[in-house]
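Have a look at the structure below, then the notes.
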Amino acid sequence: MPRSERSPLLLAGLLAAAGAAHFASPRQFDAIVPRALPGSPRTWTYVSGAAELALAAGVALPSTRRRAALATAAFFVGVFPANVKMAADWRHRPAPQKAVAVGRLPLQLPLVLWARAVARNAEDAR
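Residue 72 in my numbering sits at position 71 of the sequence shown; the count goes up by one each step and never skips.
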């Protein structure tokens with residue numbers, strides 16, 4: 002299978018794994034929900050996990066891939082404040098943990114670009 006054909010499936014797998022993690026281990030996600038959001042952090046954890054699972058399904062299916070990949074790019078932008086909160090909250094932790102938290106920040110850009118590329122390639126395949 003060529004790399005361009007694997008890319009959407011890898012993105013779908015990443016989304017599915019992250020979405021499932023929100024349900025398997027919600028406490029770690031509750032901690033990074035920005036305080037400015039109304040309601041319970043657990044609700045936001047479950048909503049974002051369900052969104053990731055839905056996006057994974059959409060990206061995996063060729064008929065919905067383009068729209069789902071564009072929504073995934075927007076989702077990655079939308080969860081950036083949680084990564085900022087994590088980096089701020091973890092600034093006094095040991096260096097390896099701090100590196101993980103800070104390292105997540107620039108990782109968002111390649112994820113957004115990856116999702117956009119999947120959308121663009123899905124459009125080209127029509």
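Quick reminder that beta carbons are idealized off the backbone N, C-alpha and C, glycines included.
Helix, strand or coil: how does DSSP classify Met-2 here?
-> In the sequence shown, the residue the question calls residue 2 occupies position 1. Only weak support is given to the placement of Met-2: the predicted model assigns it a pLDDT of 46, under 50, and the question is left unresolved by the model.
Three-state class that DSSP yields for Ala-21 in the structure shown: Sequence index remark: in the sequence shown, residue 21 carries index 20 (1-based). The answer is helix: DSSP assigns Ala-21 an H, G or I state.
* **Beta-carbon spacing of Phe-24, Tyr-47 below 8 angstroms** => The sequence position of residue 24 within the sequence shown is 23, counting from 1. The sequence position of residue 47 within the sequence shown is 46, counting from 1. Against a cut-off of 8 angstroms, the Cβ pair of Tyr-47 and Phe-24 comes out as a contact.
Distance between Arg-67 and Leu-106 (C-alpha atoms, nearest Å): By one-based count along the sequence shown, residue 106 stands at place 105. By one-based count along the sequence shown, residue 67 stands at place 66. So the alpha carbons of these two residues sit roughly 25 angstroms apart.
**Prompt:** For the alpha helix (DSSP H) that Gly-40 lies in, which residues bound it at each end?
**Reply:** Counting from 1 along the sequence shown, the entry for residue 40 is found at position 39. Taken as a continuous stretch (DSSP letters only), Gly-40 belongs to no alpha helix (DSSP H), as it is neither H nor E.
- Query: Skipping 5 residues on each side, what residues in its chain have a beta carbon closer than 8 angstroms to that of Met-2?
  - Reply: Numbered from 1 along the sequence shown, position 1 holds the residue referred to as residue 2. The predicted model places Met-2 with a pLDDT of 46, which falls under 50 and marks its position as unreliable; any figure quoted below should be read in that light. Within the same chain, Met-2 has no close Cβ partners at all.
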